[in-house]
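Under the working numbering, the final residue of the sequence shown carries the number 223; numbering is consecutive throughout.
Backbone N, C-alpha and C fix where the C-beta goes; we use that ideal spot for every residue, glycine too.
Input: a single structure, listed below in structure tokens.
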Amino acid sequence: MMWVTLGILHADAPIKIGLIGDSTVAQQSGWGPAFAKCFADGVEVHNHAVNGATLDSLSKRLDKLLALKPDYVLIQFGHNDQKRYDTQAYSAKLKSYIERVQAAEVTPIVLSSVVRRTFDEDGQIVQGIAKTPKFTFNASLTEYAKAAGTTAKRMEVNFIDLHHISMEHHNRIGPEESHTYDFKEGDSTHFNAKGGKAIAALIVPELVAIVPELKAHLR
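Below, the structure written as structure tokens:
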């Protein structure tokens with residue numbers, strides 16, 4: 005989904021991109037560090053994502069990010085929000101973030117959550133209830149991804165459906181290769197360096213399609 009961007013990039017000023025979200029974006033175990041490495045000098049990436057974060061828990065951190073006066077803020081939540089409230093509440097909280105970013109005269113870009121890498125017997129990503137020898141859980145973030153897209157559309161802001169494109173990616177490469185992305189053995193949510201790089205490689209072309217001026221700043 006593409007809408008007209010709000011900002012104008014100036015060649016003599018650094019471009020600032022803010023990231024805010026959960027552990028799948030964060031420095032330790034997310035795609036944020038690899039994303040930052042995709043850009044050459046002249047682009048500053050400020051990663052304010054935090055492990056275990058929800059839209060509620062990072063509200064004050066959003067203010068700190070906006071105080072840096074970024075040109076763009078990429079917003080990706082859902083993994084932890086899903087455990088605490090329904091999609092209606094999630095949409096309302098996401099709407100509030102978007103409004104605050106816009107009020108700061110910054111361009112928001114909403115991302116749906118990167119997929120959880122839980123596979124079924126056919127080697128495809130599970131989109132519902134998953135069962136392991138130890139427990140049963142809801143592996144799917146699909147409804148929250150749809151809610152993110154709907155909210156972005158209603159507010160006429162840019163949207164990257166990372167949930168969909170990451171699901172396609174993992175279905176294509178299969179479980180064995182997918183789990184070489186694991187932050188540690190058995191962790192099918194977070195990313196090691198290889199995994200972060202692969203997810204960043206999915207995001208950057210989508211971002212450049214939204215903000216074509218960024219293409220000249222890629223490494």
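Let me know if residue i comes out buried or exposed under the rule of 16 or more other beta-carbons within 10 Å of its beta-carbon.
i           : result
residue 80  : buried
residue 88  : exposed
residue 216 : exposed
residue 90  : exposed
residue 18  : exposed
residue 86  : buried
residue 46  : exposed
residue 75  : buried
residue 107 : exposed
residue 36  : buried
residue 213 : exposed
residue 44  : exposed
residue 218 : buried
residue 139 : Model confidence at residue 139 stands at a pLDDT of 43, short of 50, so the residue's coordinates are unreliable; what they give is reported in the following sentence. Label assigned to residue 139: exposed.
residue 178 : exposed
residue 197 : exposed
residue 70  : buried
residue 222 : exposed
residue 66  : buried
residue 220 : exposed
residue 22  : buried
residue 1   : Here the chain covers residues 5 to 223 and nothing more, so residue 1 does not appear.
residue 25  : buried
residue 200 : buried
residue 34  : buried
residue 137 : For residue 137, the predicted model reports a pLDDT of 49, less than 50, meaning its position is unreliable; a value from the coordinates is still stated below. The residue is exposed, with fewer than 16 neighbouring Cβ atoms inside 10 Å.
With which residues is residue i paired in a DSSP beta bridge?
i           : result
residue 34  : Residue 34 is not bridged to any residue.
residue 39  : Paired residue(s): none; residue 39 is not in a bridge.
residue 87  : Partner(s): none; residue 87 has no beta bridge.
residue 47  : 19
residue 123 : 129
residue 102 : Residue 102 pairs with nothing; no bridge assigned.
residue 111 : 76
residue 25  : 80
residue 222 : 43
So which of the options has the shortest CA-CA distance to residue i?
i           : options               : result
residue 82  : 199, 96 and 219       : 96
residue 160 : 52, 111 and 221       : 111
residue 98  : 211, 50, 51 and 63    : 63
residue 144 : 25, 192, 48 and 183   : 192
residue 93  : 152, 127 and 204      : 152
residue 175 : 41, 149 and 124       : 124
residue 84  : 127, 131, 172 and 53  : 53
residue 205 : 39, 146, 20 and 34    : 39
residue 183 : 209, 172, 122 and 154 : 122
residue 146 : 129, 157, 156 and 158 : 129
Would you say residue i reaches chain B, if we count a Cβ-Cβ gap shorter than 7 Å as a contact?
i          : result
residue 26 : In summary, chain B is missing from the structure at hand, where a single protein chain is found.
Check whether the region 159–173 touches the region 116–125, taking contact to mean three or more Cβ pairs, one atom from each stretch, closer than 8 Å.
At 8 Å Cβ cutoff, the stretches touch.
When you compare the region 102–117 with the region 181–195, are there three or more beta-carbon pairs, one atom per stretch, that lie closer than 8 Å?
When C-beta atoms of the region 102–117 are compared with those of the region 181–195, fewer than three pairs fall below 8 Å, so the two segments do not count as touching.
Could you tell me whether the region 22–30 touches the region 52–60, using the rule of 3 or more Cβ pairs below 8 Å?
Contact holds between the region 22–30 and the region 52–60, because three or more Cβ pairs, one in each stretch, are under 8 Å apart.
Along the chain, which unbroken stretches of the alpha helix (DSSP H) at least 4 residues long are found entirely within the region 162–215?
When DSSP assignments are scanned along the region 162–215, the uninterrupted stretches of alpha helix (DSSP H) that are 4 or more residues long and fall wholly within it turn out to be 166–182 and 197–214.
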